[in-house]
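Numbering (the working numbering), first residue to last: 578 to 718.
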């Protein structure tokens, strides 16, 4: 395994994780809601509380652009084609709906509430992610 130390940025990852944790805590304490990206998106489509969900999604989409503008954060780079990115997104979305939540809902909020279901879902998410990366980088090469 090789770590690209020139692009390793634990500071921004730590700051992003802290911001997600603070946002999840504020939403839980202030509104009694669970912060999960899949739930936010589904609520925009067919939920009664569309306005705050739209603002939350706008923040999720706008934050990388703002960070790139203010601090020169690197733009994401994909080592695959657009079709693969779309297929991966659809599979992740389907899996998250199947699990009744995503990594932010289960991994951040569910684990903080000591939910056994969220622990199992997070273990499945992580194991699947590890296996996918191993297969793509070491088996299909």
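Glycine included, C-beta positions come from ideal geometry on N, C-alpha and C.
Legend entry - residue 637 - DSSP class collapsed to helix/strand/coil: Here residue 637 refers to the residue found at position 60 of the chain shown. Note: residue 637 maps to helix in three-state DSSP.
Legend entry - Buried or exposed by the 16-neighbour rule on C-beta atoms within 10 Å, applied to residue 690: Here residue 690 refers to the residue found at position 113 when the chain shown is read from its first residue. Label assigned to residue 690: exposed.
Inset, instruction - Please report the residue range of the alpha helix (DSSP H) in which residue 592 lies. - result: Position 15 of the chain shown, counting from 1, holds the residue named residue 592. Counting along the chain, the alpha helix (DSSP H) containing residue 592 begins and ends at 587 to 608.
Legend entry - For residue 648 and residue 642, the rounded distance between their alpha carbons: Mapped onto the chain shown, residue 642 falls at position 65. Mapped onto the chain shown, residue 648 falls at position 71. Approximately 10 Å, taken between the alpha carbons.
Legend entry - CA-to-CA distance, residue 608 to residue 686, given in whole angstroms: Residue mapping note: residue 686 aligns to position 109 of the chain shown, counting from 1. Residue mapping note: residue 608 aligns to position 31 of the chain shown, counting from 1. Their Cα atoms are separated by approximately 14 Å.
Inset, instruction - Give the straight-line distance between the Cα atoms of residue 589 and residue 624, rounded to the nearest whole angstrom. - result: The count along the chain shown starts at 1 and reaches residue 589 at position 12. The count along the chain shown starts at 1 and reaches residue 624 at position 47. Cα to Cα, the separation comes out at about 33 Å.
Legend entry - Best match in 702, 706, 674, 718 for proximity to residue 615 [C-alpha to C-alpha]: Counting from one through the chain shown, the residue named residue 615 turns up at place 38. Per the Cα distances, 674.
Inset, instruction - Could you work out which residue in 654, 593, 604 is closest to residue 632 when comparing CA atoms only? - result: Taking the first residue of the chain shown as position 1, residue 632 is located at position 55. Here the closest residue by C-alpha is 604.
Legend entry - Where residue 718 falls: helix, strand or coil (DSSP): Within the chain shown, numbered from 1, the residue matching residue 718 stands at position 141. The answer is coil: DSSP assigns residue 718 none of H, G, I, E or B.
Inset, instruction - Tell me whether residue 646 is buried or exposed, calling it buried when 16 or more other Cβ atoms sit within 10 Å of its Cβ. - result: Residue 646 sits at position 69 when you count from the first residue of the chain shown. Classification for residue 646: exposed.
Inset, instruction - Give the DSSP-derived three-state secondary structure of residue 705 in the structure shown. - result: Along the chain shown, read from residue 1 onward, the residue named residue 705 stands at position 128. Helix at residue 705.
Legend entry - Close beta carbons around residue 655, own chain, < 7 Å, minus the five adjacent residues each side: Reading the chain shown from its first residue, position 78 is the one you call residue 655. Excluding positions up to five away in sequence, the list reads 662.
Inset, instruction - Using three-state DSSP, classify residue 699 as helix, strand or coil. - result: Taking the first residue of the chain shown as position 1, residue 699 is located at position 122. In this structure, residue 699 counts as helix in the three-state DSSP scheme.
Inset, instruction - Measure the Cβ-Cβ separation of residue 634 and residue 617 and say whether it is below 8 Å. - result: Position 57 of the chain shown, counted from the start, is the residue given in the question as residue 634. Position 40 of the chain shown, counted from the start, is the residue given in the question as residue 617. Yes, they are a contact pair.
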